[in-house]
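A short worksheet on the structure shown next.
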Amino acid sequence: MLKKNNANKNKQIVILGGGFGGIGVLKNLQDEFRENKNIEITLISKNNFLLFTPMLPEIVSGAIETRHIVTPIRSFCNKSTFYEAEVKSIDLDNKEITITHTIGRETQDSDVEEKEGHDHKLRYDYLVIALGSENNFFGNSNIQENAFTLKTITDAIILRNHLIKVLEQANIEQDDKELRKSLLTFVVVGGGFSGVETVGAVNDFIRESVKRYYPNIYMSDVKVILVSATNNLLEQIDEDLGHYALEKLKQNGVEFIMDTLVKDIAKNTTILNNDIVIPCYSLIWTAGVTPNKLITDLNCKHDKNHRIIANNYLEVTGYENSVYSLGDCVSIIDPHTGKPYPPTAQHAIKQSDVVSKNIISSIKGKPEKDKQLFDYKSKGMMAQIGKRTGVAIFFGKIKLHGILAWWLWRMYYLINLPTTKKKIKVIGDWTFDFIFKPDISQIQ
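What follows is the structure, encoded as structure tokens:
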């Protein structure tokens, strides 16, 4: 039991989630209350690092080293407490959080799991829910169990190792043509940002590796396929730029199956809703996200996609002035469009500023009229669609594509890396990736 939090009279601010939104709130509140000993800030995250998710596809391709896009959360905690733990339950009515963590010795045997779990309770005066989202498999357990995903650093490492492994296997497999064909077929599901950036990175890595390292594999043997449920790519950004992305990826060897759903996965095969069967050992799922069960079971109002409903002060409906939510797990209506704001890192960062200001305003006893509304119009959207090419739109009308859009993508995300140390390391990675051959070492 964490008795310190429960026993004292200080104002308790608890932040759930160590992503862009949660860390943004943490940093803002620390800056404001640095000298105030009556305010205690606690952040809970299941990982002890902030993951810079936009660069995950470059971990798969080997363009960036794994540790260079993760930053220890404790490095941000100058005037706060951090606990690496899972959030087990949230009691909004009694203002209490239950967190859990496992106790045990890590071993080199991957089959040995930690067994003993310990629960702790935390009370709060102000709660910030920034727990993000998880992959949405639309209730299909076969896809959930057999598809590769790209949402965590572990996902990226597993996928990269798998891609290298199937190339090694295909290089040996000369006699069984059908098996070889399956090994060299790579299917990415999803035509949004994640799908397009992932298929670009996978395609570049596979083809460059085959060209340089695998003499028994011909480029014509490789099939990289993107399956999209819609007729256009990148519908969130612009139809013309989506068409450019499609044509550019086609030039680079990617095949497309549009306006089609993946219905199921059988043994080493992907089954589409038109009953076409694609033999493949590699299906990568990027077809949407959903809040986790903790969020969907929370005792508050949810939208049709199970996200928490909050007002434009980012206060959870029914728990105003004490519970706030931001990022992927919340639904906030854009007053200009009447639709929910998109769940992007850009929006989560801006939402963290609003949440921080409203908590500060409440603690200082300022009147309701001083609360800040979240009213944000995206400055632009960008996507990297392979090496040295990208698409971008700014202010809804300035459209760019090709190497300039790709360079702007890199500069924007480089600037937004959280520390100078990480910026320098990523610049080094990009430089080495430009000069040298891809690294195909499998590090399990």
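Numbering (our numbering), first residue to last: 1018 to 1461.
By construction, the Cβ of each residue, glycine as well, lies at the ideal position given by its N, Cα and C atoms.
Here the structure is a predicted model, which means the values were calculated and not measured.
Residue i to residue j, Cα distance in whole Å?
i	j	result
residue 1392	residue 1461	45 Å
residue 1431	residue 1439	9 Å
residue 1454	residue 1221	12 Å
residue 1450	residue 1189	27 Å
residue 1240	residue 1293	16 Å
residue 1218	residue 1224	10 Å
residue 1213	residue 1250	8 Å
residue 1035	residue 1362	13 Å
residue 1071	residue 1027	37 Å
residue 1308	residue 1233	44 Å
residue 1381	residue 1366	23 Å
residue 1152	residue 1344	15 Å
residue 1429	residue 1052	33 Å
residue 1303	residue 1320	22 Å
residue 1175	residue 1162	14 Å
residue 1058	residue 1106	19 Å
residue 1489	residue 1397	The structure shown has nothing for residue 1489, since the chain only spans 1018 to 1461.
residue 1244	residue 1208	7 Å
residue 1273	residue 1242	6 Å
residue 1078	residue 1326	37 Å
residue 1277	residue 1445	40 Å
residue 1160	residue 1282	6 Å
residue 1169	residue 1236	30 Å
residue 1290	residue 1275	12 Å
residue 1330	residue 1386	11 Å
residue 1395	residue 1318	26 Å
residue 1459	residue 1202	20 Å
residue 1061	residue 1311	14 Å
residue 1456	residue 1184	13 Å
residue 1260	residue 1306	24 Å
residue 1166	residue 1384	46 Å
residue 1377	residue 1406	43 Å
residue 1083	residue 1436	15 Å
residue 1284	residue 1301	15 Å
residue 1085	residue 1279	34 Å
residue 1262	residue 1408	7 Å
residue 1452	residue 1227	18 Å
Quick one: give me the first and last residue of the beta strand (DSSP E) that residue i is part of.
i	result
residue 1172	That residue, residue 1172, is in no beta strand (DSSP E); its alpha helix (DSSP H) goes 1170 to 1189.
residue 1300	1299 to 1302
residue 1062	1056 to 1062
residue 1087	1087 to 1089
residue 1401	1397 to 1401
residue 1252	Careful: residue 1252 lies outside any beta strand (DSSP E) and carries neither H nor E.
residue 1136	1133 to 1140
residue 1029	1028 to 1033
residue 1342	1340 to 1342
Alpha helix (DSSP H) containing residue i: first to last residue?
i	result
residue 1431	1420 to 1433
residue 1161	1158 to 1163
residue 1413	First-last for residue 1413: undefined, no H or E at that position.
residue 1197	1194 to 1200
residue 1361	That residue, residue 1361, is in no alpha helix (DSSP H); it is neither H nor E in DSSP.
residue 1043	1037 to 1049
residue 1442	1437 to 1452
By a C-beta neighbour count over all protein chains shown, 10 Å radius and 16 as the cutoff for buried, is residue i buried or exposed?
i	result
residue 1180	buried
residue 1187	buried
residue 1401	buried
residue 1390	exposed
residue 1375	buried
residue 1324	buried
residue 1418	buried
residue 1415	exposed
residue 1055	exposed
residue 1191	exposed
residue 1404	buried
residue 1074	buried
residue 1121	exposed
residue 1264	exposed
residue 1135	exposed
residue 1388	buried
residue 1364	buried
residue 1150	buried
Any heavy atom of the ligand HEM closer than 7 Å to the CB of residue i?
i	result
residue 1142	Only the bare structure without any ligand can be found here, which leaves the ligand HEM out of the picture.
Cβ contact check for the segment 1091 to 1105 and the segment 1039 to 1055: 3 or more pairs under 8 Å: With the cut-off at 8 Å, the segment 1091 to 1105 and the segment 1039 to 1055 touch.
Counting only runs of 3+ residues fully inside the segment 1269 to 1338, write out the beta strand (DSSP E) ranges in chain order. You should have 1271 to 1274, 1279 to 1283, 1286 to 1289, 1294 to 1296 and 1299 to 1302.
Inspect the CB distances between the segment 1135 to 1150 and the segment 1105 to 1116 and report whether three or more fall short of 8 Å. Contact holds: three or more Cβ-Cβ distances are below 8 Å.
Those runs of the alpha helix (DSSP H) which lie wholly inside the segment 1203 to 1232 and span at least 4 residues: Runs found: 1210 to 1230.
Whole beta strand (DSSP E) runs in the segment 1065 to 1106 with 3 or more residues, listed along the chain? Complete beta strand (DSSP E) runs here, min 3: 1066 to 1068, 1087 to 1089 and 1098 to 1101.
Could you check whether the segment 1082 to 1095 touches the segment 1065 to 1072, counting it as contact only if at least three pairs of C-beta atoms, one from each stretch, sit closer than 8 Å? Result yes; three or more Cβ-Cβ pairs closer than 8 Å.
Evaluate the contact criterion for the segment 1354 to 1361 versus the segment 1254 to 1274: three or more CB pairs, one atom per stretch, below 8 Å. With a cut-off of 8 Å on Cβ pairs, the segment 1354 to 1361 is not in contact with the segment 1254 to 1274, counting fewer than three such pairs.
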